[in-house]
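Heads up: the sequence shown begins at 353 in this note's numbering, then just goes up one per residue. Just so it is clear, CB atoms sit at the ideal spot from N, CA and C, and this is done for glycine as well.
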Amino acid sequence: MSRSQLVAEHLPLLRRYARALTGSQGSGDAYVGAMLEALIQDPELLDERYGARAALFRLFTQIWNSVALNDDAEVATLPMPPERRLSNITPLPRQAFLLLSLEGFPEEEVSFILDIDVAETRRLADAAGRELAVEIATDVLIIEDETFIAMDLESLVKNLGHNVIGVARTHADAVALAKNKKPGLILADIQLADGSSGLDAVNELLRTFEVPVVFITAYPERFLTGERPEPAFLISKPFQPAMVSAVASQALFFQRNSRNRMPKPAA
């Protein structure tokens, strides 16, 4: 397999990671683009000691960490009061947390990607996970038509300290539940069995109020092309509990962190 084919094979999941890390499709894809430009200029930048995927994530990390504004994500502004502890969770712990929990890298490869030792990797990931879990408890709406998956999600969400306000199995149910109860987070299957779309339901809801959304799909590569507006936060089926925790935490992190950036009203 050629170098370009190896890079192309791993780009969708790198985009997923970049979007989760930065909080938006636009910002995440821009960093991936900067990495690709650097790689085109100097192919020797790719260190493949742990394989092509880890090499790409390592190079992406070097680009991300070299930019002073890398924590100034392109996020929606919400008129809410500040919650300061959340803003203190710095990029490096979140990177360790996401690389382990979302992308499933072994600790040794995370250490390679972040250029730190294994003990530091564990410390950073544990610290980020604890702080995020404590600070982001909220009311969650689940949009999922498969009964057992919905039950798994409901149990997982409750174990993370959240409150499930309802499970919707169709577009219409989702809109009705959300407008009535105003969730703080939505977990939404993209394609529902009755032919309706979780994506359409969410887009309708976002026209009336702001809420972070994590999409769930069995075909993530279809929504990680970088060629059109796509979800910033995406979970693959079948999912692991750590993956749901990581992505939901990041979605809520950026919502809360955007509140911290709101200018104070003039006295």
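The alpha-carbon separation between residue 417 and residue 547 amounts to approximately 43 Å. By the neighbour-count criterion, in which a residue is buried when 16 or more other Cβ atoms sit within 10 angstroms of its Cβ, residue 393 is exposed.
Shortest Cα-Cα distance from residue 568 to any of 552, 584, 597, 541 involves 541. DSSP assignment within the segment 447-499 yields the following whole beta strand (DSSP E) runs of 3 residues or more, N-terminal first: 491-495. With fewer than 16 other beta carbons inside 10 angstroms of its own, residue 503 counts as exposed.
The alpha-carbon separation between residue 492 and residue 518 amounts to approximately 8 Å. Boundaries of the beta strand (DSSP E) around residue 520: 515-520. By the beta-carbon neighbour count (other beta carbons within 10 angstroms, threshold 16), residue 525 is buried. Runs of beta strand (DSSP E) with 3 or more residues, each lying fully within the segment 519-587, are found at 537-541, 565-569, listed in chain order.
Approximately 10 Å separates the beta-carbon atoms of residue 368 and residue 377; this is outside 8 Å, ruling out the contact.
Between the segment 585-592 and the segment 555-563, the count of Cβ pairs shorter than 8 Å is below three; the stretches do not touch. Cβ neighbours of residue 479 within its own chain (closer than 6 Å, five residues either side excluded): 445. Take the alpha-carbon of residue 448 and the one of residue 366: they are about 14 Å apart. Short of 7 Å from the beta carbon of residue 469, and not among the five residues preceding or following it, lie these beta carbons of its own chain, in chain order: 463. Residue 454 sits close to residue 598, with the two beta carbons spaced by under 8 Å.
Residue burial is scored here from C-beta neighbours: residue 561 has fewer than 16 other C-beta atoms within 10 angstroms and is therefore classed as exposed.
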